[in-house]
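Residues -21 to -1, 1 to 506 in mature numbering (1 follows the signal peptide of the UniProt record, and there is no 0) are what the sequence shown spells out, letter by letter.
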Amino acid sequence: MRKLLIACMLLAGTTCLGQNACDILIKNGRIIDGAGNSWFYGDVAVKNGKIIAIGKLADYAAPKIIDANKMIIAPGFIDVHGHVEGAIFQWPTADNYIYDGVTTVITGNCGGSSSNLQNFFHRIDSLHPSINIASLVGHNTIRDQVMHHDNRLPTSTEQQQMESLVETAMKDGAVGLSTGLIYIPGTFANTEEVVGLAKMASRYNGVYASHIRNEESQAVEAITEAIKIGKAANIPVEISHFKIGGKANWGTSNVTLGLVQQARLEGWDVTIDQYPYTASSTNLGVRLPDWAFAGGNDSLKIRLHDPVVRTQIKKEMLQQLQQYKFKNYSYCVVASYPADSSYNGKSITDINKLMGRRSKAPQEAETIMDMVEKGGAQMVYHSMNEDDVKYIMKYPFCMSGADAGVPVPGKGMPHPRGYGTNARVLGRYVREEKVITLEEAIRRMTSLAAQKFQLKDRGLLKEGMAADIVIFDDKTVSDHATFEQPHQYSTGFYYVLVNGQLVVENGKHTGVRSGIPLYGPAKVQPN
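Laid out in structure tokens, this is it:
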């Protein structure tokens, strides 16, 4: 017997008498299970991509043992608001997400998704990125397929065609429908059009996720519309990147959030997500009135070269600026301008100075129109207030969403949220400012997100669940990406497992790509 025991000790990973075998054994950690419960000391055993045991696991053996050394062991984070189409195929290791503790991303937000989700999921399945990916089907994508950029309501035939495309996408595995009612061509749709599509998504047990029609002076009306769509279609609602923008609106998050709270009190499943920054990011074209884009880019250029029409566009741009109570466009900073990369990182006011134009709103509006005509730019808009960010974060049905893709390191000046969203919540708002507790933050990043998007085997540390696991030091976890230097990964995540495989070990990406496509509840399985 003694010889047998010695042999067992010499052979790493060999299961000895009375021991259970697993692939990876995580020991001595503070387990936060994702359900909102307080942490407890324990171990986690992983085998064949699943969690097989949790607790004091003295009778388990594995070829790979990780000493968590009192760090936090938690479910892998689920980012509910991503835009990884295209980018994930260029950068499949998804380092920005992985180093931020994210193991699953919901993409297809803001009305924009792959136009063929069946093919998209097949490509993900073949690619095996480092993260799991689920997708919504985008209203803008569908409307563009059927109606292009026409500024009109659909015919009954076109409405049926769009609803049929939603049905196909849901059967292909979409988790729901998304809208981007600030973007072309979705902005041309009325509420009834969206209700029709949402009803189809509801039939297949999906979610309605919306970048609402206005996040500034008309946010109340826009939130009311989103809730109305949810009620009419009998579908759960997720309001994307919940915020209040424009100086004139600062301090009114209690009003906008109150609408969500009231809807929940009335029994409607309405939740929100947020990125923890006071700046947003979207394209430069949103500074122009929607009607200017009707008919596509050729029509836009014609309008911009018509002096009368250009004057009207400029008038409406300045009216919008006045509503926000900004004196000029200095709050608008270029993230990426393909026509001239030297503009990256500069505000519209800075660019005007370089061009020898006055730093006044009318002249800056001219610069914006010129840049939009040359292909436009991705922008960062410093238009929010820290107090509103904190107030919204305190709401228990608020999840984390970076609203990001997979950036190419060093390229452009993207919003830092693409690198540091979760670490920023955990480091700044949990550890330093104590806006919410650690257990609560993790609940929102894990089980709340999984519940909302019906990812049934994710979001909890529980026997039988997929082994998406993060191990991090809650005392040092930090974001490092800034607006001035955005291409910096978060630190403090020492181990990340995706489907039971180590993607981060000792704080370094291993290159492992064990992610898979995750499907909605209506996915039609092949015979």
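Ideal placement from N, C-alpha and C gives every residue a C-beta, glycine not left out.
Everything numeric in this text was worked out from a predicted model, so none of it was measured.
State the Cα-Cα distance for the pair residue i and residue j, rounded to the nearest angstrom.
i           : j       : result
Ala66       : Ile85   : 14 Å
Asn262      : Phe99   : 24 Å
Asp104      : Leu434  : 17 Å
Glu463      : Ala356  : 17 Å
Gly335      : Ser321  : 16 Å
Ile495      : Asn485  : 23 Å
Ile57       : Lys294  : 42 Å
Asn119      : Val145  : 12 Å
Gly479      : Ile5    : 11 Å
Leu156      : Ala501  : 13 Å
Tyr278      : Arg131  : According to the sequence shown, residue 278 is Ser rather than Tyr. Their Cα atoms are separated by approximately 15 Å.
Pro388      : Thr203  : 39 Å
Thr461      : Thr400  : 11 Å
Gly61       : Gln(-3) : 42 Å
Arg437      : Lys373  : 24 Å
Thr147      : Thr134  : 20 Å
Tyr473      : Leu238  : 40 Å
residue 519 : Pro71   : Shown here, the chain extends from -21 to 506; a query on residue 519 therefore has no answer.
Asn48       : Pro215  : 40 Å
Ala14       : Ile3    : 23 Å
Leu417      : Tyr303  : 35 Å
Ala41       : Ile33   : 14 Å
Ile191      : Val503  : 30 Å
Ile52       : Asn169  : 46 Å
Val482      : Cys1    : 18 Å
Gly80       : Asn95   : 29 Å
Val125      : Gln139  : 10 Å
Leu405      : Cys89   : 26 Å
Tyr498      : Asp151  : 8 Å
Thr328      : Gln299  : 17 Å
Lys487      : Val385  : 18 Å
With DSSP as the reference, label residue i as helix, strand or coil.
i      : result
Leu176 : helix
Leu476 : strand
Ala53  : strand
Asp458 : coil
Glu194 : coil
Lys431 : helix
Gly28  : coil
Glu217 : strand
Ser114 : strand
Asp38  : coil
Leu481 : strand
Gly490 : coil
Asp58  : strand
Ile67  : helix
Leu497 : coil
Lys222 : coil
Gly80  : coil
Asp74  : helix
Ile85  : strand
Asp12  : coil
Please report the Cβ distance between residue i and residue j, rounded to the nearest whole angstrom; I am assuming they are in contact, meaning their Cβ atoms lie under 8 Å.
i      : j      : result
Val199 : Val234 : 6 Å
Ile10  : Ala446 : Between Ala446 and Ile10 the Cβ distance is about 14 Å, and since that is not below 8 Å, they are no contact.
Ala428 : Val59  : 5 Å
Val449 : Val475 : 5 Å
Ala153 : Ser114 : 6 Å
Val174 : Ile208 : 5 Å
Glu217 : Ala188 : 4 Å
Gly117 : Ser92  : 4 Å
Considering only heavy atoms of the ligand PLP, does any lie closer than 6 Å to the CB of residue i?
i      : result
Gly399 : Ligands in the displayed structure: none, and consequently the ligand PLP is not present.
Quiz item: If you scan the region 329 to 379 from start to end, which runs of the beta strand (DSSP E) of 3 or more residues do you find wholly inside it?
Solution: 357 to 360 and 377 to 379
Exercise. Determine, using beta-carbon pairs with one atom in the region 334 to 353 and one in the region 420 to 438, whether at least three such pairs fall under 8 Å.
Key: no
Exercise. Please determine if the region 183 to 194 and the region 283 to 290 are in contact, where contact requires at least 3 C-beta pairs separated by less than 8 Å.
Key: no
Quiz prompt | Three or more C-beta pairs below 8 Å linking the region 396 to 403 and the region 246 to 265 | solution = yes
Self-check item: Inside the region 254 to 318 only - beta strand (DSSP E) runs reaching at least 3 residues
Solution: 259 to 262 and 311 to 315
Quiz item: Any contact of the region 466 to 477 with the region 306 to 323, i.e. 3+ C-beta pairs under 8 Å?
Solution: no
Quiz item: Do the region 187 to 201 and the region 217 to 237 make contact, defined as three or more Cβ pairs closer than 8 Å?
Solution: yes
Quiz item: What beta strand (DSSP E) runs, 3 residues minimum, are completely inside the region 122 to 164?
Solution: 155 to 159
Exercise. Kindly provide the ranges of any alpha helix (DSSP H) runs that are 4 or more residues long and lie completely inside the region 380 to 455, ordered along the chain.
Key: 396 to 403, 417 to 424 and 426 to 431
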